[in-house]
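>
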Amino acid sequence: MISYEKKYLIQPEWLDKELVIKKAEEAFVQPMESITDVSAKWSAGGIHDYYSNGDYWWPDLKKPDGLPFIRRDGETNPENFNDHRMILRRMRTKAAYLAGAYRLTGREDYVLHGIRLLKRFFLDEETKMNPNLTYAQAIPGVCEGRGIGIIDTLHLVDVVFAIEEFYRSGLLEEETYGRLREWFATYLDWMLTSKNGMEEMNADNNHSVCYFVQASAFALFTENERIVEFCRNHYKHVLLKQMEVNGSFPRELDRTKPYSYSIFVMDNMVSICELLSTPQDDLWFYTLPEGQGIQTGLDFIFPYIKDKALWPYPADVMHFDAFPARSSMLMFAGCRLGQRELLDFYQSLPADIVDEEARRNIAVRLPWLWMG
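Quick note on numbering: full-length UniProt numbering labels position 329 of the sequence shown as 329, and the sequence is numbered without any gaps.
(1) What does the alpha-carbon distance come out to for the pair residue 300 and residue 180?
(2) With a threshold of 8 Å on Cβ separation, who are the neighbours of residue 154 within its own chain once the five nearest residues in sequence on each side are excluded?
(3) Mind checking whether residue 166 and residue 111 have CB atoms under 7 Å apart?
(4) Between which two residues does the alpha helix (DSSP H) harbouring residue 346 extend?
(5) Along the chain, where does the beta strand (DSSP E) that runs through residue 51 open and close?
(6) Touch check for the region 33-46 and the region 131-140: three-plus C-beta pairs under 8 Å?
(7) May I have the straight-line CA-CA distance separating residue 295 from residue 258, to the nearest angstrom?
(8) Determine the direct distance from the alpha carbon of residue 303 to that of residue 187, and round the result to whole angstroms.
(9) Please say whether residue 172 and residue 227 have beta carbons closer to each other than 7 Å?
(10) The beta strand (DSSP E) with residue 136 in it runs from where to where?
(11) In this structure, what does DSSP give as the bridge partners for residue 143?
(12) Can you list the beta strand (DSSP E) stretches of 3 or more residues lying completely in the region 34-88, in chain order?
(13) Going by beta-carbon coordinates alone, are residue 235 and residue 263 separated by less than 7 Å?
(14) Taking the alpha carbon of residue 81 as the reference point, which residue from 103, 158 and 53 has its own alpha carbon closest?
(15) Have a look at residue 230 and residue 38 and give me their C-alpha separation to the nearest angstrom.
(16) Take every Cβ of the region 274-287, pair it with every Cβ of the region 309-327, and state whether three or more of those distances are shorter than 8 Å.
(17) Can you check whether the CB of residue 127 is closer than 7 Å to the CB of residue 36?
(18) In angstroms with no decimal places, state the Cα-to-Cα distance between residue 345 and residue 64.
(19) Would you tell me roughly how many angstroms separate the C-alpha atoms of residue 87 and residue 249, rounded to the nearest one?
(20) When we look at the beta-carbon of residue 169 and count the other beta-carbons within 10 Å, is it buried (16 or more) or exposed?
(21) Across which residues does DSSP place residue 287 in a beta bridge pair?
(22) For the region 55-71 against the region 91-101, do three or more pairs of beta-carbon atoms, one drawn from each stretch, fall closer than 8 Å, so that the two count as touching?
(23) Over the uninterrupted alpha helix (DSSP H) stretch that includes residue 131, give me the two end residues.
(24) Measuring only the C-alpha atoms, how far is residue 219 from residue 192?
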C-alpha cells in the first residue's frame with residue numbers, strides 16, 4: 001500500500017528474523033481464536049458483537065451491586081471484561097508474524113495458516129466478528145458502549161498489511177481477499193457514520209489520533225481515495241492543533257500517565273505520516289504556521305524516550321517502568337527523515353515486548369512490514 005522513498009533503507013539486522021520465525025512457528029500450535037469463543041455477560045449485543053469494558057472504571061463500593069461503575073483515571077480494573085480485546089490482539093499478532101515470516105523465508109505454509117486465521121475471525125458464519133464496535137468500552141450501569149471504544153481496534157491496522165502480504169503471495173484467493181476488503185470497508189463506513197464513530201472522530205486527544213490511524217489504513221486498504229484525502233486534511237488542520245508549539249500534547253500531559261500517553265499519541269501521529277505521506281503531499285515536512293509538525297513532536301519526546309530520567313513531569317501512576325519500549329515511530333521517522341539516532345535507539349530496545357501495558361500501547365508489531 002505504501003511505496004514512498006525512504007532516506008534510510010531497511011537493514012537486515014532490524015528484521016529480527018529469528019524472533020519473527022519463532023513467533024510464526026508458535027502460531028501453528030496456538031488456538032485459532034474468535035470473539036465467539038467467549039461470551040460477555042454484560043454485553044447488550046450478540047455472540048458476534050465485540051465487547052469490552054472501559055479500562056479505568058470500577059465498581060462503586062458504596063453500592064450493594066457496585067452500579068454504576070465509577071472512574072479512576074489511569075488505574076486499570078483487572079476484573080473488567082477484556083477477553084475480546086485480547087483475542088483480537090492475539091489474532092493480529094499471529095497474522096503479522098506469519099506475514100513477516102513469509103516475507104523473510106518464502107514459506108507458503110505461513111500464508112496458508114494466516115489465511116485460516118483470518119477466515120475464522122472475520123468471515124466464517126459461525127465465528128466471525130461483526131464489523132462494528134457498538135458495544136466497546138461499555139461501563140456497567142452507565143452505558144452499553146462508547147465512542148472511545150474504537151481505540152480497541154487500533155491493532156487491526158497491522159492486519160491489513162498482513163492481508164496484502166498474503167495476497168501478494170498468490171495464495172489468497174480473489175474471493176476471500178474481496179470479502180476481507182468488504183469487511184474493512186463496512187467497518188470503516190460504520191466508523192464514519194455511526195454515533196460512536198463520529199464521537200471518536202471529534203475527540204481532542206489521543207483517541208481521535210488513533211481513530212485516524214485506523215481510518216487511514218482501512219481507507220488505503222479498500223482504495224477509498226475520498227476518505228484517504230479526508231484523513232490527510234484532518235491531520236493537517238485538526239490533529240496537529242492538539243500539539244503545542246514546543247511539541248508536547250497538553251491533553252496527554254494532564255493525564256495520570258503523562259509519560260506513556262505522550263509517547264502513545266506521538267507514536268500514532270507518526271503512523272499517520274507513514275500511512276498518508278506521498279511525494280506530492282509529504283506530511284513528514286508539513287508544519288502549521290505556528291510551527292507544529294511531526295519533527296517538533298519528535299524533538300520534544302525523543303530526549304525523554306532516550307533518557308527517562310530527564311522527564312520533568314509527574315511519573316505515571318501505573319506501569320511507569322514499562323516504557324520506553326520499542327515503538328514503530330522510531331523506525332518510521334528514522335527511515336523517512338534520515339535520522340539514524342532514532343533507528344539506533346530502536347535497535348537498542350528489546351525486540352520482544354513482554355510487558356502487557358506496553359504491548360497494549362504499541363499497536364505495530366513489525367513496522368518494516370508496512371514499508372514495502
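Where a beta carbon is used, it is the ideal one built from N, C-alpha and C, also for glycine.
Concretely, from the data shown:
(1) Taking the straight line joining both Cα atoms gives about 39 Å.
(2) Cβ neighbours of residue 154 beyond the five flanking positions: 210, 213, 214, 268 and 363.
(3) Going by beta carbons, residue 166 and residue 111 fall inside the 7 Å limit.
(4) Residue range 340-348 is occupied by the alpha helix (DSSP H) that includes residue 346.
(5) Taken as a continuous stretch (DSSP letters only), the beta strand (DSSP E) holding residue 51 covers 51-53.
(6) The region 33-46 vs the region 131-140: in contact.
(7) If you take the alpha carbons of residue 295 and residue 258, they lie about 20 Å apart.
(8) Approximately 38 Å, taken between the alpha carbons.
(9) Taking 7 Å as the Cβ cut-off, residue 227 and residue 172 do not qualify as a contacting pair.
(10) Per DSSP, the unbroken beta strand (DSSP E) holding residue 136 starts and ends at 135-138.
(11) Residue 143 pairs with 139.
(12) You should have 51-53.
(13) No, the Cβ-Cβ distance between residue 235 and residue 263 is not below 7 Å.
(14) Between residue 81 and the set 103, 158 and 53, the nearest pair of CA atoms involves 53.
(15) Spanning the two alpha carbons is a distance of roughly 37 Å.
(16) No: fewer than three Cβ pairs fall under 8 Å.
(17) Residue 36 places its beta carbon less than 7 Å from that of residue 127.
(18) Residue 64 has its alpha-carbon roughly 51 Å from the corresponding atom of residue 345.
(19) Rounded to whole angstroms, residue 87 to residue 249 spans 31 Å at the Cα level.
(20) Using a 10 angstroms sphere on the CB of residue 169, the tally of other CB atoms reaches 16 or more, which defines it as buried.
(21) For residue 287, which the question treats as bridged, DSSP gives the partners 293.
(22) Using a C-beta cut-off of 8 Å, the region 55-71 makes no contact with the region 91-101, since fewer than three inter-stretch Cβ pairs fall below that distance.
(23) Here residue 131 belongs to no alpha helix (DSSP H), and DSSP marks it neither H nor E.
(24) Taking the straight line joining both Cα atoms gives about 11 Å.
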